[in-house]
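These notes are about the structure you will find just below.
Protein chains: 2
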Amino acid sequence: MSCENLFREQLRQRGLRLTPQREAVLSVLHAVGRAASPEEIFVRVSAVDAAVDRSTIYRTLDLLDNFKLVTVIDSGEKQRLYELSDREIPHLHLVCRVCGKIMGVDLDVLQPFLTHLDETVKFQIDLTNITMQGICGDCQKVASGNNFISTQS
Amino acid sequence: MSCENLFREQLRQRGLRLTPQREAVLSVLHAVGRAASPEEIFVRVSAVDAAVDRSTIYRTLDLLDNFKLVTVIDSGEKQRLYELSDREIPHLHLVCRVCGKIMGVDLDVLQPFLTHLDETVKFQIDLTNITMQGICGDCQKVASGNNFISTQS
DNA sequence: CTCTATGCAAAGCTTTTGCACGTTA
DNA sequence: TAACGTGCAAAAGCTTTGCATAGAG
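The listed protein sequences correspond, in order, to chains C and F. In terms of our numbering, the first sequence has 43 at position 43, counting the first letter as 1, and numbering is strictly consecutive. Add 153 to a position in the second sequence, counting from 1, and you land on the number used in our numbering.
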């Protein structure tokens, strides 16, 4: 679990400590294998350590974010989602508006666009945190029968 | 001010009403000319009508969102931002991590990418709401002298 | 042993909701 | 004058913070 060692080392470098709670958060992120909300992480960590506090979860996620060990995703819902960056290549997140599913897509296809942006408006996109919303293939099928876009509250 | 007429008509179609408060919100969004948070909008509307309540702002923004008259942007900050869609072509928002500035970029350059996505993973991106974060040209210059990325809280 | 991290409790912020009153069409 | 919208107040979520204690190194 190289990710955990990376975390351990980052902590050591700053004189910080590897606690069971921090290990648990990391472990849950691994086990879940997808983006999860602080609340979901809290519930899952609670299953192992019933005494853990929500604030510890938030503090740990903040730490992991600082260390770039997690990616923060805005799914359009209230709570942001946290996903283990692990050693994976940064990728684009596609969030389905209907079912909430999140797909990871390779950034290669975006390269021409990114280059263009950098050349024209000199804007450098943060590759570690791109999220787009839309409708996944499955939900397109389901939705094809009705109007799909509802304008009423 | 065609936007206001559009709003007026949408309201009429549903038997809803054009109140001074709703006009004020629309007016502020016009005047600001960029994405603004509910709080900023509240403050600006308050300058005109001191009695207006925050809840009215939220309700109005929600209404404008339903009518697709505003675009919601996640800038990475706590509050989402609202920008008048007006009659503009949907565009991509580039949020600068450093100065918070938001640039609008034409979606044309993304087209090959979007087509590719649709063909490969069958995902249809919502064009009205794409936001990416990064560093704008100005801030790149400023940052070039230091390490830029700060890992401490 | 020292200094960090945790749990607890409380507060802070943003957003939502119920309700009586005011206003629009 | 019949709905609809607003202000007010309160509540509801999510997140942060202060502090005494527990625990890692």
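All residues carry an ideal CB built from backbone N, CA and C; glycine is no exception.
- Per DSSP, the beta-bridge partners of Leu234(F) are Ile226(F).
- Under the DSSP assignment, Ile135(C) falls in the beta strand (DSSP E) whose first and last residues are Thr131 to Ile135.
- Residue nearest to Ala203(F) within the set Ala177(F), Ser228(F) and Leu222(F) is Ala177(F) (criterion: CA-CA distance).
- At least one CB of chain C lies nearer than 7 Å to the CB of His269(F).
- One alpha carbon belongs to Met103(C), the other to Phe266(F), and they sit about 15 Å apart.
- Asp206(F) does not reach chain C, its nearest Cβ partner there being about 19 Å away, counting only Cβ pairs nearer than 9 Å.
- Annotated three-state conformation of Ala31(C) is helix, per DSSP.
- Contact check for Leu247(F) against Phe123(C) passes: the beta carbons are separated by less than 7 Å.
- Within the region 254-279 of chain F, those residues whose Cβ lies closer than 8 Å to any Cβ of chain C are, in chain order, Met256, Val258, Val262, Leu263, Pro265, Phe266, His269, Leu270, Val274, Lys275, Phe276, Gln277, Ile278 and Asp279.
- Taking the CA atoms as reference points, Leu270(F) sits about 18 Å from Thr115(C).
- For Ile288(F), the nearest CB of chain C lies under 7 Å from its own CB, placing it at the interface with that chain.
- Residue state for Cys96(C) is assigned as strand, using DSSP reduced to three classes.
- Relative to the Cα of Val52(C), the nearest Cα in the group Leu92(C), Thr19(C) and Tyr82(C) belongs to Thr19(C).
- Taking 7 Å as the cut-off, the beta carbon of Asp227(F) is found closer than this to the beta carbon of Asp74(C).
- At least one CB of chain C lies nearer than 7 Å to the CB of Leu247(F).
- Under the DSSP definition of a beta bridge, Val258(F) partners with Leu245(F).
- Taking every protein chain shown into account, the CB of Ser55(C) has fewer than 16 other CB atoms within 10 angstroms, so this residue is exposed.
- Rounded to the nearest whole angstrom, the C-alpha separation of Gln111(C) and Val274(F) is 18 Å.
- By a beta-carbon distance limit of 8 Å, Cys3(C) contacts Leu69(C). Their separation comes to about 7 Å.
- Under a criterion of Cβ atoms nearer than 7 Å, no residue of chain C is adjacent to Asn158(F); the nearest Cβ is some 18 Å distant.
- At a beta-carbon threshold of 7 Å, the residues of chain C lying near Asp227(F) are Asp74, ordered along the chain.
- With fewer than 16 other Cβ atoms from the protein chains shown falling within 10 Å of its own Cβ, Ile242(F) counts as exposed.
- Identification of chain C residues near Gln293(F) by a Cβ-Cβ cut-off of 9 Å yields Lys122, Phe123 and Gln124, ordered along the chain.
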